[in-house]
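Student: Got a structure here, written out as structure tokens. Questions coming.
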Amino acid sequence: MLLTACGGGTTQPVTANNAGGADGSQAQPINGAGATFPNPIYSKWFAEYNRLHPNIRINYQSIGSGGGIQQLTNQTVFFGATDGPMNDEQLKAAPGPILHFPTVLGAVVPVYNIPGITDELKFTGAVLADIYLGKIKKWNDPALGKLNPGVKLPATDVTVVHRSDGSGTTYIFVDYLSKVSPEFKSQVGVSTSVKWPAGVGGKGNEGVSGLVTQTPGSIGYVELIYALQNKIAFGSVQNAAGEFVKASVDAVTKAADSAAATIPPDFRVSITNAPGAGAYPISSFTWILLYEDPKDKAAGKAMVDFVKWALTDGQQYCADLGYAPLPSTVVMLEQAALGKIKVS
Amino acid sequence: MRSPDFGFRLGIGVFAAALVLIVIGIGVTLANDSWLSLQKFGLDFWRTSNWDPVAGDFGALPFIWGTLYSSVLALLIAAPVALGIAVFISELSPPVLRAPLIFLTELLAAIPSIVYGLWGIFVLVPIVRDLETGMPESLRALPLFSGPPFGVGMLAAALILAVMVVPFTSAVAREVLKTVPMTQREAAYALGATRFEAIRAAMFYARTGIVGAVMLGFGRALGETMAVTMVIGNNPQVSLSLFAPQYTMAAVIANEFTEAANALYLSALIGIGLVLFIITLLVNMLSRGLIWSMARRLPVNAGV
Chain A
1 MLLTACGGGT
11 TQPVTANNAG
21 GADGSQAQPI
31 NGAGATFPNP
41 IYSKWFAEYN
51 RLHPNIRINY
61 QSIGSGGGIQ
71 QLTNQTVFFG
81 ATDGPMNDEQ
91 LKAAPGPILH
101 FPTVLGAVVP
111 VYNIPGITDE
121 LKFTGAVLAD
131 IYLGKIKKWN
141 DPALGKLNPG
151 VKLPATDVTV
161 VHRSDGSGTT
171 YIFVDYLSKV
181 SPEFKSQVGV
191 STSVKWPAGV
201 GGKGNEGVSG
211 LVTQTPGSIG
221 YVELIYALQN
231 KIAFGSVQNA
241 AGEFVKASVD
251 AVTKAADSAA
261 ATIPPDFRVS
271 ITNAPGAGAY
281 PISSFTWILL
291 YEDPKDKAAG
301 KAMVDFVKWA
311 LTDGQQYCAD
321 LGYAPLPSTV
331 VMLEQAALGK
341 IKVS
Chain D
1001 MRSPDFGFRL
1011 GIGVFAAALV
1021 LIVIGIGVTL
1031 ANDSWLSLQK
1041 FGLDFWRTSN
1051 WDPVAGDFGA
1061 LPFIWGTLYS
1071 SVLALLIAAP
1081 VALGIAVFIS
1091 ELSPPVLRAP
1101 LIFLTELLAA
1111 IPSIVYGLWG
1121 IFVLVPIVRD
1131 LETGMPESLR
1141 ALPLFSGPPF
1151 GVGMLAAALI
1161 LAVMVVPFTS
1171 AVAREVLKTV
1181 PMTQREAAYA
1191 LGATRFEAIR
1201 AAMFYARTGI
1211 VGAVMLGFGR
1221 ALGETMAVTM
1231 VIGNNPQVSL
1241 SLFAPQYTMA
1251 AVIANEFTEA
1261 ANALYLSALI
1271 GIGLVLFIIT
1281 LLVNMLSRGL
1291 IWSMARRLPV
1301 NAGV
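Next comes the structure, spelled out in structure tokens:
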């Protein structure tokens, strides 16, 4: 393998050669921890990658984004994974610069249970925000009626269901609502857990969907993958271009594609309410976190190779597991950015 | 002759000290890791109701309330049932039924709490919702039953906790009743007592153990997490209403700990752990005190 010339770090070519040529020796497992949302695809990737490169073993613990960031900061794991980008304060707390690499895409969909209604409902961001603020209290509210002409919405109470556990799903959802509703932004804000003005909390996707299925007149939000796998019907949401889009793997990839032009070099970007045609508005990246100057150069090299593989060959496993693959525009940006990691 | 004795005492002493040290260690770790929030909020942490991770403002009152309220309610439901089961098994049951009944109640204790939670969501909560919607308007005006009928909420949590607590309380109460000497019952019958009176005498004899059994159930209810969080509605608010979704200390820790990335937030969650630790300690001390005072007030056999 060739060494890429890298600023100041090339004083010891012997070590660098060892790092590059570690293929022959029994390597230590590389440990990572973080988000639960991408765990199925990461597990698949690490297993497949281990088949191709038997000496690279990557061990991932899905303990949650917050835990992943914390363990990475304490350097108890080699890489982290998160559903919400690290904020400046968190980056500053880390012992060295940390880089974000989007791996796959996720989306959040509104699910509801209104007795007698089988039509697919249409929502706008503003209406969803008002529902979750507790301002829209009845299903026959004029704001909902205007979006859904021809649907006979009943005069029953809206029961709002949200996640009770801190989660990337909540982060994406409130990030979107905060973008489209200034009132939501000031009253609730963006975090993995927020102070909800209304409703009841269910634990996990299964808790929310369980409550929604059980409670007549309720509305909740779950991950797209969860809704698809469990065949739960969900509504469409109006995007920034004014179209009502029903979430699908394609529509989520489109959202990332339309945001690609404005992605900052550190990839810390929210792609909710993306501008493009056909883009689903409640979409988000999920990231792998790596130190720019890793202590263990051999592991750093192995992770860079792995991420390169995951961004290209690895994307083929997305569809089977229900994840939206990255658009090629984003993959190209990332491949360039991977060169920033000092592996020698 | 002295040295094995000394070794034994030392060994036992080390084990006993280890237990004390672990408890102290937990307390110190909790206090240390929650220092940031203790410093910032002080006693207000116990008194205020706002829990806003975005704004970084944390108050534990709704969680304290939810934990104590749900546990007390669960105890009110579970204690009579558990004691009834224990009395039936130890005093009244035909011998053929005894073993299967013991097996069944103990089976309840072996069910994982996540399974209780799922059962709660899919079976108990719809029943509770029907109960709530079917309640006459005149009763709904009472603060105890106010608010919209979600199904999930304090009542569902108390009921599921009660089911989970029953096997523990009844198992201990049964063992305690078994230790009542047969002579006590025979003496009661000899004095012309009816069956009810004889059982009452046996229960009186075993009262400290029975109180202990009930308090064991209470301790279990205080710390139960998974099943409760799945049915309580997870909305931090202090409400007397049985229908209102509320929240408990154990549940909020389990729910929010993994994603709490900011230092103050994490320290507030550990602060909740400290509060739970202190409250559990207080409850245990209280029950000890209760048992002691009962044991002291009357001679053991005064009831017969």
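Chains as they are written, first to last, in our numbering: chain A, 1 to 344; chain D, 1001 to 1304. Beta carbons: idealized from backbone N, C-alpha and C, even for Gly.
Any beta carbon of chain D sitting closer than 9 Å to that of residue 287 (chain A)?
Tutor: no
Student: Any Cβ of chain D within less than 9 Å of the Cβ of residue 99 (chain A)?
Tutor: no
Student: Looking at the structure shown, is residue 331 (chain A) part of a helix, part of a strand, or coil, going by DSSP?
Tutor: helix
Student: For a quick check, are the C-beta atoms of residue 233 (chain A) and residue 283 (chain A) less than 9 Å apart?
Tutor: no
Student: Along chain D, in chain order, which residues have C-beta atoms closer than 8 Å to that of residue 159 (chain A)?
Tutor: 1148, 1150
Student: Short of 6 Å in beta carbon distance, which residues of its chain neighbour residue 242 (chain A), apart from the five on each side in sequence? Order them along the chain.
Tutor: none
Student: What are the boundary residues of the beta strand (DSSP E) that residue 105 (chain A) is part of?
Tutor: 98-113
Student: Applying a beta-carbon distance threshold of less than 7 Å, which residues of chain D neighbour residue 215 (chain A)?
Tutor: 1150, 1151
Student: In this structure, does DSSP put residue 50 (chain A) in helix, strand or coil?
Tutor: helix
Student: Would you mind telling me which residues of chain A sit closer than 8 Å to residue 1054 (chain D), beta carbon to beta carbon, in chain order?
Tutor: 188, 189, 190, 191, 194, 195
Student: Please classify residue 1247 (chain D): is it buried, with 16 or more other beta-carbons within 10 angstroms of its beta-carbon, or exposed?
Tutor: Buried.
Student: Locate the alpha helix (DSSP H) running through residue 369 (chain A), then write down its first and last residues.
Tutor: Examination of residue 369 (chain A) is not possible in this model, given that chain A is present from 1 through 344 alone.
Student: Report yes or no: do three or more beta-carbon pairs, one from the segment 223-230 of chain A and one from the segment 202-211 of chain A, lie closer than 8 Å?
Tutor: yes
Student: I want to verify the contact list: residues of chain D whose CB lies under 7 Å from the CB of residue 200 (chain A), in sequence order.
Tutor: The CB of residue 200 (chain A) comes closer than 7 Å to the CB of 1150, 1152, 1233, 1234, 1235, 1245 in chain D, given here in chain order.
Student: Comparing alpha-carbon positions, which option in D:1275, D:1194, D:1063 lies nearest residue 1031 (chain D)?
Tutor: D:1275
Student: In the DSSP assignment, what residue or residues form a beta bridge with residue 1243 (chain D)?
Tutor: DSSP output for residue 1243 (chain D) lists no bridge partner at all.
Student: Quick one: which residues of the segment 41-63 of chain A get their C-beta closer than 7 Å to a C-beta of chain D? List them in chain order.
Tutor: 63
Student: Hey, residue 1171 (chain D) and residue 1206 (chain D): beta-carbon distance below 9 Å or not?
Tutor: no
Student: Leaving aside the five residues before and after residue 293 (chain A) along the sequence, list all residues of the same chain whose C-beta is less than 6 Å from its C-beta, in chain order.
Tutor: Same-chain partners within the cutoff: 96, 342.
Student: Tell me whether residue 268 (chain A) sits in a helix, a strand or coil according to DSSP, three-state version.
Tutor: coil
Student: Roughly how many angstroms lie between the CA atoms of residue 21 (chain A) and residue 299 (chain A), to the nearest whole one?
Tutor: Note that residue 21 (chain A) scores a pLDDT of 41, beneath 50, so its modelled location is shaky; the value from the coordinates is reported in the next line. Approximately 12 Å between the Cα atoms of the pair.
Student: Alpha carbons only, please: which of A:195, A:135, A:306 is nearest the one belonging to residue 1055 (chain D)?
Tutor: A:195
Student: Should residue 334 (chain A) be labelled buried (16 or more other beta-carbon atoms within 10 Å of its own) or exposed?
Tutor: buried
Student: Name the DSSP beta bridge partners of residue 1051 (chain D), please?
Tutor: D:1058
Student: Enumerate in chain order the residues of its own chain whose CB-to-CB distance from residue 1053 (chain D) is below 6 Å, with the five nearest sequence positions on each side excluded.
Tutor: Same-chain partners within the cutoff: 1265.
Student: Relative to the C-alpha of residue 238 (chain A), which residue among A:277, A:220, A:98, A:256 is closest?
Tutor: A:277
Student: Which word fits residue 13 (chain A), buried or exposed, when buried means at least 16 other C-beta atoms lie within 10 angstroms of its C-beta?
Tutor: Reliability of the predicted coordinates at residue 13 (chain A) is poor, the pLDDT of 37 falling under 50, and the value obtained from them is presented with this limitation in mind. Answer is exposed; the Cβ neighbour count stays below 16.
Student: Consult DSSP for residue 81 (chain A) and reduce its assignment to one of helix, strand or coil.
Tutor: Strand at residue 81 (chain A).
Student: Who are the near neighbours of residue 23 (chain A) in its chain, counting only those whose CB is closer than 7 Å to its CB and skipping five residues on each side?
Tutor: In this predicted model, residue 23 (chain A) has a pLDDT of only 46, less than 50, meaning its place in the structure is not dependable; the value taken from the coordinates is given anyway. So the qualifying residues of the chain are 55.
Student: Give me the chain A residues within the contact set of residue 1126 (chain D), using Cβ-Cβ distance strictly less than 8 Å, ordered along the chain.
Tutor: Neighbourhood of residue 1126 (chain D) in chain A, by CB distance below 8 Å: 214, in chain order.
Student: Looking at the C-beta of residue 1268 (chain D), does it have a partner C-beta in chain A at a distance below 9 Å?
Tutor: For residue 1268 (chain D), the answer is no, since every Cβ of chain A falls outside 9 Å of its Cβ.
Student: Counting Cβ pairs, one atom from each stretch, are 3 or more of them under 8 Å apart for the segment 180-195 of chain A and the segment 143-161 of chain A?
Tutor: Touching, no.
Student: Determine the direct distance from the alpha carbon of residue 1284 (chain D) to that of residue 1221 (chain D), and round the result to whole angstroms.
Tutor: 13 Å
Student: If the criterion is Cβ atoms closer than 9 Å, does the pair residue 240 (chain A) and residue 257 (chain A) meet it?
Tutor: No, the pair does not count as a contact, with Cβ atoms beyond the cut-off.
Student: Compute the Euclidean distance between the alpha carbons of residue 91 (chain A) and residue 85 (chain A), then round it to the nearest angstrom.
Tutor: 10 Å
Student: Within the continuous alpha helix (DSSP H) that includes residue 1132 (chain D), where are the two ends?
Tutor: 1125-1133
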